[in-house]
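Scroll down for the structure; my scribbles are underneath it.
Protein chains: 2
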Amino acid sequence: MSADADGAGMSGSRDGTSADPLSADGDGMSSDSGGTSAAAGGRDSAPIRLLVADDQALVRGALIALLDLEPDLHVVAEAERGDEVLALALEHRPDVALLDVEMPGLDGITVAAQLRQALPGCRVLIVTTFGRPGYLKRAMAAGASGFVVKDTPARQLAEAVRRVHAGLRVVDPALAAESLASGDNPLSARESDILRAAQRGGSVADIARDLFLSEGTVRNYLSSAIGKTAARSRAEAVRIAEENGWLLS
Amino acid sequence: MSADADGAGMSGSRDGTSADPLSADGDGMSSDSGGTSAAAGGRDSAPIRLLVADDQALVRGALIALLDLEPDLHVVAEAERGDEVLALALEHRPDVALLDVEMPGLDGITVAAQLRQALPGCRVLIVTTFGRPGYLKRAMAAGASGFVVKDTPARQLAEAVRRVHAGLRVVDPALAAESLASGDNPLSARESDILRAAQRGGSVADIARDLFLSEGTVRNYLSSAIGKTAARSRAEAVRIAEENGWLLS
DNA sequence: GTTTCGGCATGACATTTGTCACGGCCGCGG
DNA sequence: CCGCGGCCGTGACAAATGTCATGCCGAAAC
């Protein structure tokens, strides 16, 4: 059922969200009468200061262009690696940080945790390509205020930023449901390590060498991971763990 | 790793660096598109009409925002599926089409071939996440005029569009070199089929069932694909073929 | 304190996978 | 025409993989 549910889930998520806006708590946002910026939480006050982190320069620049079109938003810093974000945030003091999950250096979720600790006033909005259930769970645990996938209509990004800045949470409801449906990560830390090492396709001997383990131990962990993921081969276990977002750091 | 090469590459390409191997077709068509809209360099003429196709709505919207900032560019159509592009292009007659490679429906390279046939005046610029050597090769064979990865600085996208519209070719030189270094796709059509079927991690029996083949045949094709990719296991062969862009359609 | 659980390891075993040699069928180019 | 290469299949064999039972250790939970 898992494969079936995955496929249907993603398509459904797209179709569903095309009609209904992102909202986790309460009010349906219908106050979309373009012009006036005062409507969304922000007073007539200074614009919301943003930091944008994404490793793909083109996407990052495009996101900045999109956000800077809004009169009440202003991008004050951009990062292309996860490990740059903290320093930049300390320097520029953004109100909201938009973080991609997949970045070199540090993944966005780890960065979110850093930011929450160093700059409690800075809210975090995760913007990611993949709606892996495990990502959402870990992002929320790390203190993120919002989580949107890059499938969501561009119009809603600015609104998501405003809601996050206003202290609300922003989560794609379809994704939240899927995240609840799929249980917690069943893998132990070591099992995840082995699966991560198995990702690039090496043999048991290769994995054992990489991790300084006995080959028998590697086989045991693989077997146990295959069992826990309900897979029938190592490759399938890797795929399932990937799709659920269980292989982060 | 290729980040700085990318940046330098685009600039270099602009200067007309040493031989650009991919423009060897020698079509000196500098007068062709000039016929309709006078000089390419002139900014006083009508804006360049663009079509943008990318399955991720947020990225698509952001790219449109970025491009519409340029006074001489105007986005007239957007598509989120490959199989929507042709109809939209016939309706809106863009001068340049920006196509992502990974899209539902049809991949961007196939769409490029469609467009070249149906609308010879419409240039194609491929904009993709992955700089797979095989993608570049096939894109050029399909008649694309340019190929940029999403790592390139945002500033250079508009310039790439203008160059493509002027009848020039735009290719990241580093990527072109890599593309030449890695030889042509060594896999036969059937071997690619088998590797594609092996991607999601099924057993030999699963693959055989999916493709209506004998298990022995599947093992033979796998073995041959493993040999040709210089891999040491099925999983590694899949990874290598993926990274080289040998598993499209 | 005892139980439980995760990490690590060994050894034995059945199954799967990868390789090789062989055969047949087709279409294409020398 | 005839060879070559791609496609499909069989059979046999060695190596890798997946499973299971069993053991030891330390830490956390009861």
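These protein sequence lines map, in sequence, to chains A and B. Residue 215 in the working numbering sits at position 169 of the first sequence, and the numbers go up by one each step. Residue 259 in the working numbering sits at position 213 of the second sequence, and the numbers go up by one each step. Note that the Cβ used here is the ideal one computed from N, Cα and C, for glycine as well. All of these numbers come straight from a predicted model, not from anything done at the bench.
Reduced DSSP secondary structure (H/G/I, E/B, other) of residue i
i              : result
residue 174(B) : strand
residue 95(B)  : strand
residue 169(B) : strand
residue 192(B) : strand
residue 285(B) : helix
Assumed close pair residue i, residue j - CB separation to whole angstroms, cut-off 8 Å
i              : j              : result
residue 123(A) : residue 159(A) : Actually they do not touch by this definition, with Cβ atoms about 19 Å apart.
residue 143(B) : residue 161(B) : 6 Å
residue 237(A) : residue 204(A) : With 8 Å as the limit, residue 237(A) and residue 204(A) do not qualify as a contact, their Cβ atoms being about 41 Å apart.
residue 131(A) : residue 97(A)  : 7 Å
residue 156(B) : residue 295(B) : 6 Å
residue 99(A)  : residue 108(B) : Contact doesn't hold; Cβ gap of about 14 Å is too wide.
residue 279(B) : residue 249(A) : 6 Å
residue 284(A) : residue 247(B) : 7 Å
residue 121(A) : residue 113(A) : 6 Å
residue 290(A) : residue 228(A) : 6 Å
residue 215(A) : residue 192(A) : 6 Å
residue 281(B) : residue 281(A) : 5 Å
Pair within 8 Å by beta-carbon distance, residue i and residue j
i              : j              : result
residue 111(A) : residue 104(B) : no
residue 119(A) : residue 94(A)  : yes
residue 218(A) : residue 198(A) : yes
residue 170(A) : residue 146(A) : no
residue 178(A) : residue 151(A) : no
residue 274(B) : residue 241(B) : no
residue 180(B) : residue 292(B) : yes
residue 239(B) : residue 257(B) : yes
residue 102(A) : residue 196(B) : yes
residue 320(B) : residue 141(B) : With chain B represented from 47 up to 295, any question about residue 320(B) goes unanswered, as that position is not in the structure.
residue 264(A) : residue 254(A) : yes
Chain B contact for residue i (CB, 8 Å cutoff)
i              : result
residue 282(A) : yes
residue 112(A) : yes
residue 273(A) : no
residue 105(A) : yes
residue 247(A) : yes
residue 153(A) : no
residue 228(A) : no
residue 191(A) : no
residue 133(A) : no
residue 270(A) : no
residue 97(A)  : no
residue 279(A) : yes
residue 285(A) : yes
residue 108(A) : yes
residue 294(A) : no
residue 223(A) : no
residue 251(A) : no
residue 123(A) : no
residue 171(A) : no
residue 200(A) : yes
Chain A within 8 Å of residue i, Cβ atoms only
i              : result
residue 197(B) : yes
residue 175(B) : yes
residue 160(B) : no
residue 91(B)  : no
residue 260(B) : no
residue 209(B) : no
residue 164(B) : no
residue 203(B) : yes
residue 143(B) : no
residue 115(B) : yes
Which whole runs of the beta strand (DSSP E) in the stretch 246-282 of chain B are 3 residues long or more, in chain order?
none
Which runs of the beta strand (DSSP E), 3 residues or longer, sit entirely within the stretch 103-162 of chain A?
119-125 and 142-145
List in chain order: all unbroken alpha helix (DSSP H) runs of 4+ residues lying wholly within the stretch 180-246 of chain B.
201-211, 219-227 and 235-244
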